[in-house]
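Trainee: Have a look at this one.
Residue numbers (full-length UniProt numbering): 1 to 316.
Printed below as a string of structure tokens:
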């Protein structure tokens with residue numbers, strides 16, 4: 001079997017993607033006939049068509065890797081791949097759309113509003129900011145409506161910091177999602193499998209010095225992780241059931257990570273869905289797998305073998 005790991009790309013998260021790809025590549029080298037590491041460039045399509053590739057694992061983070069575009073390309077080529085289909089990835093990538101889908105299934109997410117950058121210019125930014133404060137009160141979380149790795153995210157505690165947070169957000173996308181900040185235990189729940197066969201791994205609790213931003217996520221020292229998370233049995237049950245419900249409701253495949261906050265009322269508030277979780281040395285899914293007593297190379301090989309056996313996505 002020839003498995004191709006896709007990593008890199010041109011998004012803001014290129015460096016993280018390369019680190020994820022290298023770690024998975026190295027973990028698989030001893031258990032498959034051939035494992036190659038490929039960037040997304042002009043050599044990709046010829047390599048897919050004529051390079052004897054049996055299965056692909058796309059590990060691009062950010063827009064092209066998680067918004068369904070790369071998955072759609074792989075479907076056009078007709079090669080099996082690990083992970084969620086293009087249609088489901090497209091829905092999960094848009095945070096506002098994902099929230100609407102989850103809400104219809106009774107899954108809690110923080111109250112929110114989405115606002116395009118153009119609206120601020122048309123009606124006056126200060127007026128819009130006043131409405132945000134009146135509606136949600138502070139603190140609020142400002143984030144790009146489409147994005148990952150905490151890029152462009154700010155937690156705003158003071159009215160005078162809100163405009164700066166919006167500018168920071170718009171540097172990474174043209175639409176901002178502003179949601180009520182939720183206090184509680186931040187837990188990342190990883191899921192392996194598809195449909196009824198999906199299983200939730202132990203939660204990883206994230207305790208961070210300051211905001212859980214890009215630097216905190218990928219540079220050791222600012223975050224403390226507890227794997228498994230320090231939860232009661234009831235909290236663990238709620239977190240696992242919520243992650244599985246999200247995975248199935250969003251029609252995700254193979255691997256996902258659901259980030260949530262367990263609030264004081266015992267609810268799991270979903271704050272993000274990841275269809276291409278990071279696999280770096282500080283990433284949360286590998287920590288969850290190790291907490292479950294799983295051997296990472298074996299987990300990765302099984303994901304690749306499952307995708308190869310499933311075959312390419314067929315048109316519907």
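Yeah, the Cβ is synthetic: ideal placement off N, Cα and C, and Gly gets one too.
Note that the coordinates shown come from a computational prediction; the quantities given were computed from them, not determined experimentally.
Tell me which residue opens and which closes the alpha helix (DSSP H) that residue 183 is part of.
Mentor: Taking the chain shown and counting its residues from 1, one reaches residue 183 at position 183. From DSSP, residue 183 is part of no alpha helix (DSSP H); its letter is neither H nor E.
Trainee: Would you list the one or two residues that DSSP bridges to residue 199?
Mentor: Counted from its first residue, the chain shown places residue 199 at position 199. In the DSSP output, where bridge partners are listed per residue, residue 199 has 192.
Trainee: Check the DSSP bridge columns for residue 179 and list the partner residues they point to.
Mentor: As a first step, residue 179 must be located in the chain shown, where it is residue number 179. BP columns for residue 179 point to 112, 141.
Trainee: Is there contact between the stretch 77-89 and the stretch 102-109, where contact requires at least three CB pairs shorter than 8 Å?
Mentor: With the cut-off at 8 Å, the stretch 77-89 and the stretch 102-109 do not touch.
Trainee: For residue 12 versus residue 54, is the C-beta distance shorter than 7 Å?
Mentor: On the chain shown, residue 12 is found 12 positions in, with the first residue counted as 1. On the chain shown, residue 54 is found 54 positions in, with the first residue counted as 1. No, they are not a contact pair.
Trainee: By the three-class DSSP mapping on this structure, what secondary structure does residue 157 have?
Mentor: What you label residue 157 is simply residue 157 of the chain shown in a count that begins at 1. Residue 157 falls in the coil class under three-state DSSP.
Trainee: Taking the continuous beta strand (DSSP E) assigned at residue 261, which residues delimit it?
Mentor: Translated into the one-based positions of the chain shown, residue 261 becomes position 261. Taken as a continuous stretch (DSSP letters only), the beta strand (DSSP E) holding residue 261 covers 255-262.
Trainee: Would residue 289 and residue 299 qualify as a contact pair, given that the criterion is a beta-carbon distance under 7 Å?
Mentor: Here the question's residue 289 lines up with position 289 in the chain shown. Here the question's residue 299 lines up with position 299 in the chain shown. Yes.
Trainee: Exposed or buried, residue 45, counting other C-beta atoms within 10 Å across all chains shown (16 or more means buried)?
Mentor: Working through the chain shown from its first residue, we reach residue 45 at position 45. Exposed: under 16 other Cβ atoms inside 10 Å.
Trainee: Since I believe residue 17 is in contact with residue 65 (beta carbons under 8 Å), could you give me their beta-carbon distance rounded to a whole number of angstroms?
Mentor: To locate residue 65, count along the chain shown from 1; it is residue 65. To locate residue 17, count along the chain shown from 1; it is residue 17. Going by Cβ atoms, the distance from residue 65 to residue 17 rounds to 7 Å, so yes, they are a contact pair.
Trainee: Decide if the stretch 19-30 is in contact with the stretch 236-248; the criterion is three or more beta carbon pairs, one per stretch, under 8 Å apart.
Mentor: With the cut-off at 8 Å, the stretch 19-30 and the stretch 236-248 do not touch.
Trainee: From the DSSP output, read off the bridge partner residues of residue 104.
Mentor: The residue given as residue 104 occupies position 104 in the chain shown. None; residue 104 has no bridge partner.
Trainee: With distances taken Cα to Cα, identify the nearest neighbour of residue 266 among 108, 141, 117.
Mentor: Here residue 266 is taken as the residue at index 266 of the chain shown, counted from 1. Measuring from the Cα of residue 266, the nearest candidate turns out to be 108.
Trainee: Alpha carbon to alpha carbon, what distance is there between residue 225 and residue 172?
Mentor: Here residue 172 refers to the residue found at position 172 of the chain shown. Here residue 225 refers to the residue found at position 225 of the chain shown. Spanning the two alpha carbons is a distance of roughly 27 Å.
Trainee: Can you check which of these residues, 236, 197, 185, 169, is closest to residue 207 by C-alpha distance?
Mentor: To locate residue 207, count along the chain shown from 1; it is residue 207. The shortest Cα separation from residue 207 among 236, 197, 185, 169 belongs to 185.
Trainee: Touch check for the stretch 138-148 and the stretch 163-180: three-plus C-beta pairs under 8 Å?
Mentor: Because the criterion of three Cβ pairs below 8 Å is met, the stretch 138-148 and the stretch 163-180 touch.
Trainee: Below 8 Å CB to CB, which residues in the same chain sit around residue 283 once its five sequence neighbours on both sides are set aside?
Mentor: As a position in the chain shown, residue 283 is number 283, starting the count at 1. Answer for residue 283: 20, 277, listed in chain order.
Trainee: Tell me, please, which residues DSSP counts as bridged to residue 37.
Mentor: Locating residue 37 in the chain shown gives position 37, where the first residue counts as 1. DSSP, once it has assigned bridges, lists 5 as partnering residue 37.
Trainee: Considering Cα atoms alone, identify which of 176, 306, 189 is closest to residue 236.
Mentor: Against the chain shown, residue 236 aligns to sequence position 236. Closest option to residue 236, Cα to Cα, is 189.
Trainee: Which of the three DSSP states is assigned to residue 297 in this structure?
Mentor: For the purposes of this step, residue 297 is taken as residue 297 along the chain shown, with counting starting at 1. In this structure, residue 297 counts as helix in the three-state DSSP scheme.
Trainee: Rounded to the nearest angstrom, what separates residue 121 and residue 157 at their Cα positions?
Mentor: Along the chain shown, one-based indexing puts residue 121 at 121. Along the chain shown, one-based indexing puts residue 157 at 157. Looking at the two C-alpha atoms, the distance is approximately 24 Å.
Trainee: Using a Cβ-Cβ cutoff of less than 7 Å, which residues in the same chain neighbour residue 317 once the five nearest sequence positions on both sides are dropped?
Mentor: For residue 317 there is no data in the structure shown, the boundaries of the chain being 1 and 316.
Trainee: With C-beta atoms as the reference, is residue 71 less than 7 Å away from residue 47?
Mentor: In the chain shown, counting from the first residue as 1, residue 71 sits at position 71. In the chain shown, counting from the first residue as 1, residue 47 sits at position 47. Taking 7 Å as the Cβ cut-off, residue 71 and residue 47 do not qualify as a contacting pair.
Trainee: Beta carbon of residue 114, beta carbon of residue 96: below 7 Å?
Mentor: As a position in the chain shown, residue 114 is number 114, starting the count at 1. As a position in the chain shown, residue 96 is number 96, starting the count at 1. Taking 7 Å as the Cβ cut-off, residue 114 and residue 96 qualify as a contacting pair.
Trainee: Among the candidates 311, 301, 273, 37, whose CA atom is the shortest distance from the CA of residue 88?
Mentor: Here the question's residue 88 lines up with position 88 in the chain shown. Here the closest residue by C-alpha is 273.
Trainee: Buried or exposed, going by whether 16 or more other CB atoms sit within 10 Å of the CB of residue 252?
Mentor: The residue given as residue 252 occupies position 252 in the chain shown. Buried.
Trainee: Could you check the C-alpha separation between residue 166 and residue 302 for me, to the nearest Å?
Mentor: Residue numbering aside, residue 166 sits at position 166 when the chain shown is read from its first letter. Residue numbering aside, residue 302 sits at position 302 when the chain shown is read from its first letter. So the alpha carbons of these two residues sit roughly 42 Å apart.
Trainee: Report buried or exposed for residue 129, applying the criterion of at least 16 other Cβ atoms within 10 angstroms of its Cβ.
Mentor: Indexing the chain shown from 1 puts residue 129 at position 129. When all chains shown are included, residue 129 counts as buried.
Trainee: Tell me, to the nearest whole angstrom, how far the beta carbon of residue 260 is from that of residue 187; I am working on the premise that it is less than 8 Å.
Mentor: By 1-based counting over the chain shown, the position of residue 260 is 260. By 1-based counting over the chain shown, the position of residue 187 is 187. Yes, residue 260 and residue 187 are in contact; Cβ-Cβ is about 6 Å, under 8 Å.
Trainee: Could you pull out every residue in the same chain whose Cβ sits closer than 7 Å to the Cβ of residue 139, ignoring the five residues on either side in sequence?
Mentor: As a first step, residue 139 must be located in the chain shown, where it is residue number 139. Excluding sequence neighbours, residue 139 sits near 155, 156, 157, 181.
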